[in-house]
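See below for the structure under consideration.
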Amino acid sequence: MTTRFKAGLALLYVLTACQPDGEVGPGGSVKPAPTELRVLLQETEGLLVVSCPAGALITDDFDKTIYTVPPGYDLVFKRNEHGVLSINGEWQRCTWVTIVPQGGEDDPPRLVVKGVPYRGSLVVRSTATGTLQAVNRIEVEEYLRGVLPEETYANWSLEALKSQAVVSRSYALARLSENPDAPYHLRADTSSQVYGGFFSEDPRTDEAVAATAGEVLAYGGRIVTTFFSSCCGGHTAAIDDVWPDVERRSFFAGVECGWCSASPNYTWEYSLDFSRLAHALAAAGYTVENPTGLRLRTNTRTGRVRFVVFTFASGEELELPGNELRRLLGYGELRSTFFEIARYDEDGLVFVGRGYGHGIGLCQWGSRGMAEAGFTYKEIINHYYTGAGIAQWDALWPVEPRPTS
Ligand SMILES: [Zn+2]
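Residue numbers (the numbering used here): 15 to 419.
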């Protein structure tokens with residue numbers, strides 16, 4: 015009996031393991047679109063600590079439960095030079111484990127990493143580069159509840175929050191579709207989207223997520239990797255204004271905004287002395303000693319500075335992408351590439367500019383302005399992503415390979 019039972023399990027495993035994503039399986043069913051994200055929460059060369067306020071189960075890389083963790087316990091992970099994990103001082107036979115939180119109605123399942131509680135489960139893995147990673151496995155709709163309050167203002171109009179929900183969902187699922195099997199699809203910081211976990215959640219942003227469940231931005235039957243920024247200053251950027259090598263598509267060509275003048279960064283001024291500029295550029299290997307002139311190469315339609323060109327007495331020039339200048343001076347200092355130089359002399363420079371952020375895609379302050387003027391989130395999306403539309407993620411899966419021509 016035992017032998018037959020095991021044989022049955024083995025057969026089941028072979029059947030499921032041989033069914034690739036998105037293909038029609040037995041009975042004609044299509045495997046549903048993946049919705050579980052993997053978000054990197056922490057990466058360290060030292061110890062990694064996970065707290066389990068309501069208890070947890072730990073399973074190994076064969077999905078076998080190896081520990082039951084009582085409520086209130088901390089788990090301390092470390093790795094040896096072969097990448098093997100130890101948990102609270104006990105060496106394991108694996109390089110990664112999954113921690114599934116326990117809990118109930120009054121005590122929601124969650125795990126705590128660096129003082130922040132998260133929904134979903136957690137993978138702790140030892141990497142080939144000598145680090146330990148904590149990766150949150152979380153359903154996209156739950157993930158968005160921890161993103162929206164960080165990426166927008168929960169007290170803004172609901173239609174603006176709904177437009178952000180669609181944009182943030184599209185960004186996350188597009189990243190997932192690029193490489194579903196990657197150890198992680200997203201980081202929890204500004205390099206992807208800021209994800210604050212359980213404590214960040216707010217009933218108003220939760221409502222916006224629920225009201226748009228499953229909706230993403232689509233173009234030509236494919237999900238769009240969306241971009242957004244705080245304030246465009248009156249006209250959004252073309253994608254190649256910021257990243258010259260990226261192909262311009264209709265939905266990233268730049269549009270007039272006219273809705274974001276309430277932003278505190280709608281206009282700004284930034285002064286710096288020449289030695290500070292030279293120092294910032296020298297740190298990146300650029301020499302700008304004694305330039306004789308400075309000119310801007312600007313996309314006159316979008317207002318964005320594509321290149322800043324320094325000229326020297328020798329006749330040589332240094333051409334620096336506008337976005338690179340922002341990176342070197344600090345994105346919070348030179349707030350956008352939508353600027354002019356108001357003054358340039360031996361004392362330094364004065365930039366006068368508009369907006370905050372790269373300016374591509376949704377203008378968040380603009381979405382607020384449109385929502386307050388009575389536009390719906392679909393109208394907001396249509397305005398900022400010309401030619402793209404809203405579709406259900408399920409209907410776009412499986413994602414076809416991008417055409418090569
Ligand atoms: Zn705007």
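Glycine included, every Cβ here is placed at the ideal spot set by N, Cα and C.
So, using beta-carbon positions, are residue i and residue j closer together than 8 Å?
i	j	result
leucine 421	valine 302	What is shown of the chain runs 15 to 419, which leaves residue 421 out entirely.
valine 149	tyrosine 81	no
valine 83	valine 111	no
cysteine 245	tyrosine 370	yes
valine 64	isoleucine 113	yes
valine 319	leucine 310	yes
phenylalanine 326	proline 335	no
glycine 268	serine 350	no
serine 243	histidine 372	yes
threonine 444	threonine 145	The chain is shown from 15 up to 419; residue 444 falls before or after that span and cannot be answered.
leucine 71	glutamine 116	yes
alanine 186	leucine 175	no
isoleucine 374	phenylalanine 241	yes
serine 289	valine 364	no
cysteine 274	tryptophan 411	no
alanine 222	leucine 162	yes
glycine 367	tryptophan 282	yes
aspartate 420	cysteine 108	Given a span of 15 to 419 for the chain in the structure shown, any question on residue 420 remains unanswerable.
leucine 61	valine 98	no
asparagine 313	valine 256	no
leucine 342	alanine 276	no
glutamate 50	arginine 151	yes
Which two residues bound the contiguous alpha helix (DSSP H) that contains residue i?
i	result
serine 184	172-192
lysine 392	391-398
threonine 306	Here threonine 306 belongs to no alpha helix (DSSP H), and DSSP marks it neither H nor E.
glutamate 156	154-165
serine 135	It is not in any alpha helix (DSSP H) - serine 135 instead sits in the beta strand (DSSP E) that spans 135-140.
proline 217	217-225
serine 381	378-386
arginine 340	336-343
aspartate 255	253-256
aspartate 408	407-410
Starting from residue i, trace the beta strand (DSSP E) in both directions and tell me its first and last residue.
i	result
serine 100	99-101
tryptophan 282	281-287
alanine 232	229-233
valine 238	No beta strand (DSSP E) holds valine 238; DSSP gives it neither H nor E.
arginine 357	353-359
glutamine 116	Run containing glutamine 116: none; DSSP gives neither H nor E here.
alanine 70	70-73
glycine 248	Run containing glycine 248: none; DSSP gives neither H nor E here.
tyrosine 81	79-83
aspartate 88	87-93
glutamine 56	50-58
tyrosine 198	Tyrosine 198 -> no beta strand (DSSP E), and no H or E assigned at all.
glycine 362	362-368
serine 132	In the sequence as presented, serine is not what sits at residue 132; that position holds tyrosine. Residues 130-132.
phenylalanine 324	318-325
serine 328	No beta strand (DSSP E) holds serine 328; DSSP gives it neither H nor E.
leucine 62	62-66
leucine 125	125-127
Pair every Cβ in the region 153-161 with every Cβ in the region 177-185, then say whether three or more of these pairs are closer than 8 Å.
Enough Cβ pairs lie closer than 8 Å, so yes.
Under 5 Å, CB to any heavy atom of ligand 1. Which residues pass, going along the chain?
Selection output, chain order preserved: Cys246, Cys271, Cys274, Cys377, Gly380.
For the pair the region 214-233 and the region 162-171, tell me if three or more CB-CB distances fall below 8 Å.
Contact between the region 214-233 and the region 162-171 is present, because at least three Cβ pairs lie under 8 Å.
Would you say the region 222-235 touches the region 344-358, given that touching needs at least three Cβ pairs under 8 Å?
Contact annotation: the region 222-235 does not touch the region 344-358, with fewer than three C-beta pairs closer than 8 Å.
Could you say if the region 195-210 and the region 378-385 meet the contact criterion of at least three C-beta pairs nearer than 8 Å?
Judged by Cβ distances under 8 Å, the region 195-210 makes no contact with the region 378-385, as fewer than three pairs qualify.
When you compare the region 259-269 with the region 188-204, are there three or more beta-carbon pairs, one atom per stretch, that lie closer than 8 Å?
Too few Cβ pairs lie closer than 8 Å, so no.
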